[in-house]
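Structure first, commentary second.
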Amino acid sequence: IPPLAGRIGSPADEPGRDGDESPVRVRLTRGWWLADGECAQDLWQAVMGGNPAHRRDPRHPVEQVDAAAAEDFCRRLGLRLPACRARLPGEAEWELALRAGAEGPWGGLAADQLAAAVVHRGAGGTRAVGQGPLNVLGLGDGAGNVWEWCAGGYQPPPAGELVEDPPIPSGARRVARGGSWNDPLAACRLANRVALDPATASRYLGFRFAVEDAR
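For the sequence shown, the working numbering gives the first residue as 1455, with consecutive numbering after it.
Dropping the structure here:
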(Lines of atoms letter the chains of each structure in order from A and count residues from 1; the text may use other names and numbers.)
(Lines give C-alpha, C1' and ligand atoms only; values in the text may rest on other atoms or scores of the structure.)
Protein backbone atom coordinates (compact mmCIF):
# COMPACT_ATOMS: atom_id res chain seq x y z
CA ILE A 1 0.00 0.00 0.00
CA PRO A 2 1.57 3.36 -0.93
CA PRO A 3 1.50 6.34 1.42
CA LEU A 4 -2.13 7.43 1.57
CA ALA A 5 -4.20 10.40 2.62
CA GLY A 6 -7.96 10.53 2.95
CA ARG A 7 -10.95 10.75 5.22
CA ILE A 8 -11.69 8.19 7.87
CA GLY A 9 -14.95 8.12 9.78
CA SER A 10 -18.39 8.87 8.38
CA PRO A 11 -20.44 11.93 7.41
CA ALA A 12 -23.31 12.91 9.69
CA ASP A 13 -25.93 11.67 7.21
CA GLU A 14 -24.53 8.16 6.70
CA PRO A 15 -27.26 5.60 7.60
CA GLY A 16 -26.33 3.51 10.62
CA ARG A 17 -23.70 5.97 11.79
CA ASP A 18 -22.49 5.80 15.41
CA GLY A 19 -21.19 8.62 17.59
CA ASP A 20 -17.57 7.42 17.53
CA GLU A 21 -17.09 7.93 13.78
CA SER A 22 -16.26 11.65 13.63
CA PRO A 23 -14.70 12.28 10.22
CA VAL A 24 -11.07 13.36 10.07
CA ARG A 25 -8.52 13.58 7.30
CA VAL A 26 -5.45 11.43 7.89
CA ARG A 27 -2.16 11.26 6.05
CA LEU A 28 0.08 8.21 6.33
CA THR A 29 3.56 9.12 5.12
CA ARG A 30 5.03 5.62 4.82
CA GLY A 31 3.92 2.70 2.72
CA TRP A 32 3.06 -0.65 4.24
CA TRP A 33 1.86 -4.08 3.21
CA LEU A 34 -1.59 -5.36 4.09
CA ALA A 35 -2.91 -8.87 3.62
CA ASP A 36 -5.41 -8.91 0.77
CA GLY A 37 -7.87 -10.83 2.94
CA GLU A 38 -8.30 -12.20 6.42
CA CYS A 39 -5.91 -14.79 7.84
CA ALA A 40 -7.15 -18.14 6.54
CA GLN A 41 -7.19 -21.29 8.63
CA ASP A 42 -4.52 -23.05 6.55
CA LEU A 43 -2.07 -20.17 7.12
CA TRP A 44 -2.92 -20.08 10.82
CA GLN A 45 -2.26 -23.81 11.15
CA ALA A 46 1.04 -23.56 9.28
CA VAL A 47 2.28 -20.90 11.71
CA MET A 48 0.55 -21.81 14.97
CA GLY A 49 -0.57 -25.44 14.77
CA GLY A 50 -4.14 -26.37 15.74
CA ASN A 51 -7.27 -24.61 14.56
CA PRO A 52 -9.60 -22.71 16.91
CA ALA A 53 -12.21 -21.96 14.22
CA HIS A 54 -15.85 -22.85 14.71
CA ARG A 55 -16.49 -23.39 11.00
CA ARG A 56 -13.58 -25.56 9.90
CA ASP A 57 -12.40 -25.06 6.34
CA PRO A 58 -8.77 -24.37 5.37
CA ARG A 59 -9.68 -21.48 3.05
CA HIS A 60 -12.11 -19.78 5.42
CA PRO A 61 -10.88 -17.16 7.90
CA VAL A 62 -9.65 -18.35 11.23
CA GLU A 63 -12.00 -17.12 13.96
CA GLN A 64 -12.45 -17.55 17.69
CA VAL A 65 -9.09 -15.78 18.04
CA ASP A 66 -8.61 -13.16 20.75
CA ALA A 67 -6.37 -10.11 20.38
CA ALA A 68 -3.38 -11.72 22.11
CA ALA A 69 -3.57 -14.78 19.86
CA ALA A 70 -3.70 -12.60 16.74
CA GLU A 71 -0.62 -10.71 17.92
CA ASP A 72 1.14 -13.96 18.77
CA PHE A 73 0.52 -15.15 15.20
CA CYS A 74 2.23 -11.99 13.92
CA ARG A 75 5.18 -12.57 16.26
CA ARG A 76 5.58 -16.20 15.21
CA LEU A 77 5.27 -15.36 11.54
CA GLY A 78 8.15 -12.93 12.03
CA LEU A 79 10.24 -15.66 13.65
CA ARG A 80 9.71 -17.91 10.62
CA LEU A 81 10.28 -15.10 8.12
CA PRO A 82 12.69 -12.62 9.74
CA ALA A 83 12.22 -10.04 6.98
CA CYS A 84 8.45 -10.11 7.55
CA ARG A 85 7.74 -7.66 10.35
CA ALA A 86 4.12 -8.63 10.76
CA ARG A 87 1.69 -6.86 13.08
CA LEU A 88 -1.96 -5.91 13.32
CA PRO A 89 -2.87 -2.83 11.28
CA GLY A 90 -3.70 0.46 12.90
CA GLU A 91 -7.26 1.67 12.45
CA ALA A 92 -6.26 4.42 10.02
CA GLU A 93 -4.19 1.97 7.97
CA TRP A 94 -7.09 -0.48 7.86
CA GLU A 95 -9.72 2.06 6.89
CA LEU A 96 -7.70 4.04 4.35
CA ALA A 97 -6.54 0.86 2.60
CA LEU A 98 -10.03 -0.66 2.45
CA ARG A 99 -11.49 2.64 1.26
CA ALA A 100 -8.78 3.04 -1.40
CA GLY A 101 -9.79 6.67 -1.96
CA ALA A 102 -13.56 6.10 -1.97
CA GLU A 103 -15.78 7.71 0.67
CA GLY A 104 -18.96 5.63 0.48
CA PRO A 105 -20.13 3.46 3.39
CA TRP A 106 -18.33 0.44 1.87
CA GLY A 107 -15.63 2.34 0.03
CA GLY A 108 -16.03 2.03 -3.72
CA LEU A 109 -18.39 -0.93 -3.43
CA ALA A 110 -22.17 -0.58 -3.66
CA ALA A 111 -24.73 -2.26 -1.43
CA ASP A 112 -25.88 -4.57 -4.21
CA GLN A 113 -22.31 -5.78 -4.74
CA LEU A 114 -22.02 -6.67 -1.07
CA ALA A 115 -25.47 -7.93 -0.20
CA ALA A 116 -24.98 -11.49 -1.41
CA ALA A 117 -21.43 -11.72 -0.09
CA VAL A 118 -21.87 -10.17 3.34
CA VAL A 119 -24.81 -11.79 5.06
CA HIS A 120 -24.37 -15.55 5.29
CA ARG A 121 -26.90 -16.35 8.00
CA GLY A 122 -28.55 -18.96 5.80
CA ALA A 123 -25.20 -20.53 4.97
CA GLY A 124 -24.31 -20.66 8.65
CA GLY A 125 -21.06 -18.73 8.65
CA THR A 126 -18.03 -17.40 6.83
CA ARG A 127 -17.14 -17.53 3.16
CA ALA A 128 -13.71 -18.49 1.81
CA VAL A 129 -11.12 -15.74 2.02
CA GLY A 130 -10.89 -13.72 -1.19
CA GLN A 131 -14.27 -14.69 -2.65
CA GLY A 132 -15.92 -11.34 -2.02
CA PRO A 133 -15.55 -8.23 -4.20
CA LEU A 134 -12.14 -6.48 -4.27
CA ASN A 135 -11.35 -2.78 -4.15
CA VAL A 136 -9.00 -1.00 -6.55
CA LEU A 137 -5.97 -1.96 -4.42
CA GLY A 138 -6.90 -5.64 -4.70
CA LEU A 139 -8.06 -5.90 -1.08
CA GLY A 140 -11.14 -7.93 -0.17
CA ASP A 141 -13.12 -9.11 2.84
CA GLY A 142 -13.28 -5.64 4.35
CA ALA A 143 -17.01 -5.94 4.91
CA GLY A 144 -18.88 -8.75 6.49
CA ASN A 145 -16.84 -11.95 6.66
CA VAL A 146 -15.42 -11.63 10.18
CA TRP A 147 -14.71 -8.63 12.37
CA GLU A 148 -10.98 -7.87 12.24
CA TRP A 149 -8.78 -6.93 15.21
CA CYS A 150 -6.81 -3.70 14.85
CA ALA A 151 -3.75 -2.59 16.79
CA GLY A 152 -4.05 -0.57 19.97
CA GLY A 153 -6.88 0.41 22.26
CA TYR A 154 -10.29 1.91 21.69
CA GLN A 155 -10.21 5.71 21.88
CA PRO A 156 -12.13 8.57 20.23
CA PRO A 157 -11.00 9.37 16.68
CA PRO A 158 -7.99 11.70 16.43
CA ALA A 159 -8.87 15.39 16.48
CA GLY A 160 -7.72 17.99 13.97
CA GLU A 161 -8.28 19.05 10.38
CA LEU A 162 -5.43 16.83 9.19
CA VAL A 163 -3.68 14.24 11.34
CA GLU A 164 -0.38 12.87 10.10
CA ASP A 165 0.69 9.35 11.09
CA PRO A 166 -1.66 9.03 14.08
CA PRO A 167 -0.08 7.05 16.94
CA ILE A 168 -1.52 3.71 17.99
CA PRO A 169 -3.64 4.52 21.06
CA SER A 170 -3.65 2.60 24.33
CA GLY A 171 -6.75 1.48 26.19
CA ALA A 172 -8.26 -1.43 28.07
CA ARG A 173 -10.67 -2.24 25.24
CA ARG A 174 -9.59 -3.14 21.72
CA VAL A 175 -11.07 -2.21 18.35
CA ALA A 176 -12.38 -4.49 15.62
CA ARG A 177 -13.52 -3.41 12.18
CA GLY A 178 -15.49 -4.65 9.20
CA GLY A 179 -18.55 -6.45 10.50
CA SER A 180 -19.25 -10.17 10.25
CA TRP A 181 -21.24 -12.66 8.23
CA ASN A 182 -24.06 -12.36 10.78
CA ASP A 183 -24.35 -8.56 10.68
CA PRO A 184 -26.55 -6.27 8.55
CA LEU A 185 -24.89 -4.15 5.89
CA ALA A 186 -25.03 -1.05 8.11
CA ALA A 187 -22.76 -2.75 10.66
CA CYS A 188 -20.28 -3.63 7.90
CA ARG A 189 -19.58 -0.01 6.94
CA LEU A 190 -15.86 0.79 6.78
CA ALA A 191 -16.22 3.56 9.40
CA ASN A 192 -17.94 1.32 11.92
CA ARG A 193 -15.95 0.56 15.08
CA VAL A 194 -16.65 -1.92 17.84
CA ALA A 195 -14.92 -1.87 21.24
CA LEU A 196 -14.23 -5.31 22.70
CA ASP A 197 -12.58 -6.90 25.68
CA PRO A 198 -9.24 -8.12 24.23
CA ALA A 199 -9.99 -11.63 25.55
CA THR A 200 -13.05 -11.88 23.27
CA ALA A 201 -12.92 -14.90 20.98
CA SER A 202 -16.03 -15.56 18.90
CA ARG A 203 -16.95 -17.14 15.59
CA TYR A 204 -17.60 -13.63 14.27
CA LEU A 205 -14.07 -12.36 14.95
CA GLY A 206 -10.73 -12.84 13.15
CA PHE A 207 -7.97 -10.61 11.77
CA ARG A 208 -5.72 -9.69 8.87
CA PHE A 209 -2.10 -8.74 9.32
CA ALA A 210 0.04 -5.86 8.10
CA VAL A 211 3.76 -5.89 7.35
CA GLU A 212 6.16 -3.00 7.74
CA ASP A 213 7.82 -1.78 4.57
CA ALA A 214 11.51 -2.27 5.36
CA ARG A 215 12.73 -0.10 2.49
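Idealized CB from N, CA, C, for every residue including glycine.
Query, Result
"C-alpha gap between Arg1541 and Gly1606, whole angstroms", "11 Å"
"Under the three-state DSSP convention, the category Arg1643 falls into", "coil"
"Bridge partners - Leu1531, DSSP secondary structure assignment", "The partner list for Leu1531 (beta bridge, DSSP) is empty, contrary to what the question assumes."
"Nearest to Cys1642 (by Cα), restricted to the options Glu1525, Ala1565 and Gly1614", "Ala1565"
"Per DSSP, the bridge partner or partners of Gly1460", "Val1480"
"Per-residue DSSP class, three states only, for Arg1553", "helix"
"Straight-line Cα distance separating Trp1548 from Val1617", "16 Å"
"N-terminal and C-terminal residue of the beta strand (DSSP E) that Leu1488 is part of", "Trp1486 to Leu1488"
"Inter-residue spacing [alpha-carbon to alpha-carbon] between Ala1613 and Pro1638", "29 Å"
"Three-way DSSP call (helix, strand, coil) for Trp1498 in this model", "helix"
"Local conformation of Ala1537 per DSSP, three classes", "coil"
"Rounded separation between Leu1531 and Cys1538 - CA only", "7 Å"
"Under 8 Å between C-beta atoms of Val1583 and Arg1631", "no"
"In DSSP terms, what Gly1660 is bridged to", "Glu1602"
"Bridge partner(s) assigned by DSSP for Val1665", "Trp1487 and Ala1540"
"Bridge-paired residues (DSSP) for Leu1421", "Outside the displayed range of the chain (1455 to 1669) lies residue 1421, so it cannot be described from this structure."
"Contact between the stretch 1519-1527 and the stretch 1490-1502 (3+ Cβ pairs under 8 Å)", "yes"
"C-beta atoms of Thr1654 and Asp1474 nearer than 8 Å", "no"
"Cα-Cα separation, Leu1593 to Leu1563", "12 Å"
"Glu1545 in three-state terms, based on DSSP", "helix"
"Integer-rounded CB distance, given that Leu1568 should sit under 8 Å from Ile1455", "Not confirmed; about 21 Å, so no contact."
"Chain D within 8 Å of Cys1604, Cβ atoms only", "Absent here is chain D; the protein component of the structure consists of one chain."
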